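Colleague: With the working numbering, letter number 49 in the sequence shown gets 103, and the count goes up by one each step, no holes. Using N, Cα and C, we set each Cβ at its ideal position, and we do this for glycine too. A quick note: this is a predicted structure, and the numbers were derived from the prediction, not measured.
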Amino acid sequence: MIDLLKCFSDVKRLIGSRFTDPQVQKDMKSWPFKVIEGPSEKPIVVVEFNGEEKKYAPEELSAMVMKKMKEAAEEFIGTEVTDAVITVPAYFNNMQREATKEAGVIAGLNVLSLINEPTATAIVYGVDHMEDKDWVKEKNVLVFDLGGGTFDVSLLRVGNRGSIDVKAVGGDTNLGGEDFDMTLVNHLHTTISVFP
């Protein structure tokens, strides 16, 4: 059985945010782990590991995931990975983007660039369809990304030679699968007397 007090999630909702942010305060009520205020109002995640309380900044937690992905990529391709282009939600602000870059550096990566997640999707779409003979000039592509904790919608103009022009982006940092789960839990809590 997994001890949820030793786990963390929703790092994208914390990275580059302030502890005093009203959304962080709201989210904290539904997390099984503890978040405290660190230096410069940075949220710090507190987890128990081997009987000890450990404290991590969101950048450190994100770096752990990136480091694991780096190791998996190195094992798969059989060579060292040093450079990376990291995707971020389209609506991430400058603080969130800088914190994500910092996480990449902590993970041992040379961060070449950050690109919006929907743009990365469009790049793959364009590469996959370059040989499509019906694709004469350009296409409007709507990228709808409903993830575990975030939601992005982007309208892109994708050319048959790989050009991508972002026309519009929108999103919500606090709309995703986690929110649907919490809505269901809250509904069950109020309708079924099994929960204390």
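In the DSSP assignment, find the beta strand (DSSP E) that holds Asp64 and state where it starts and stops.
Modeller: In the sequence shown, the residue the question calls residue 64 occupies position 10. Neither: Asp64 is in no beta strand (DSSP E) and is coded neither H nor E.
Colleague: Going by the DSSP bridge assignment, what does Glu102 pair with across the sheet?
Modeller: For the purposes of this step, residue 102 is identified with residue 48 of the sequence shown, where counting begins at 1. Per DSSP, Glu107.
Colleague: Less than 7 Å separating the beta-carbons of Val65 and Ser71?
Modeller: Reading the sequence shown from its first residue, position 11 is the one you call residue 65. Reading the sequence shown from its first residue, position 17 is the one you call residue 71. No, they are not a contact pair.
Colleague: Decide if Lys124 is buried, meaning its Cβ has at least 16 other Cβ atoms within 10 Å, or exposed.
Modeller: Here residue 124 corresponds to residue number 70 of the sequence shown, with the count starting at 1. With 16 or more other Cβ atoms within 10 Å, it is buried.
Colleague: Please report the Cβ distance between Lys95 and Phe62, rounded to the nearest whole angstrom; I am assuming they are in contact, meaning their Cβ atoms lie under 8 Å.
Modeller: On the sequence shown, position 41 is the one that residue 95 refers to. On the sequence shown, position 8 is the one that residue 62 refers to. Here the sequence assigns Glu to residue 95, which means Lys is not the residue at that position. With 8 Å as the limit, Glu95 and Phe62 do not qualify as a contact, their Cβ atoms being about 19 Å apart.
Colleague: Taking C-alpha atoms, which residue in Leu200, Ile140, Met149 and Val119 lies nearest to Leu166?
Modeller: Counted from its first residue, the sequence shown places residue 166 at position 112. Cα-wise, what sits closest to Leu166 is Ile140.
Colleague: Looking at C-beta atoms only, is the number of pairs between the stretch 91-107 and the stretch 169-181 that lie closer than 8 Å three or more?
Modeller: The stretch 91-107, when compared against the stretch 169-181, does not touch it at the 8 Å Cβ threshold.
Colleague: Just curious, the beta strand (DSSP E) that Glu31 is in, first and last residue?
Modeller: Nothing about residue 31 can be read from this structure; the chain reaches only from 55 to 250.
Colleague: Let's see if you can read the secondary structure: which residues bound the beta strand (DSSP E) around Lys88?
Modeller: Here the question's residue 88 lines up with position 34 in the sequence shown. Run containing Lys88: Lys88 to Glu91, per the beta strand (DSSP E) assignment.
Colleague: Starting from the C-beta of Val212, find all residues in its chain whose C-beta is less than 7 Å away, skip the five residues before and the five after it, and write them out in chain order.
Modeller: Within the sequence shown, numbered from 1, the residue matching residue 212 stands at position 158. Hits under 7 Å: Ala176, Tyr179, Gly180, Glu192, Lys193, Val195 and Ile218.
Colleague: Return the CA-CA distance between Thr154 and Thr237, expressed in angstroms with no decimal places.
Modeller: Indexing the sequence shown from 1 puts residue 154 at position 100. Indexing the sequence shown from 1 puts residue 237 at position 183. Their backbone Cα atoms lie some 29 Å apart in a straight line.
Colleague: By the three-class DSSP mapping on this structure, what secondary structure does Asp24 have?
Modeller: Outside the modelled stretch of the chain, which goes from 55 to 250, sits residue 24, for which no answer is possible.
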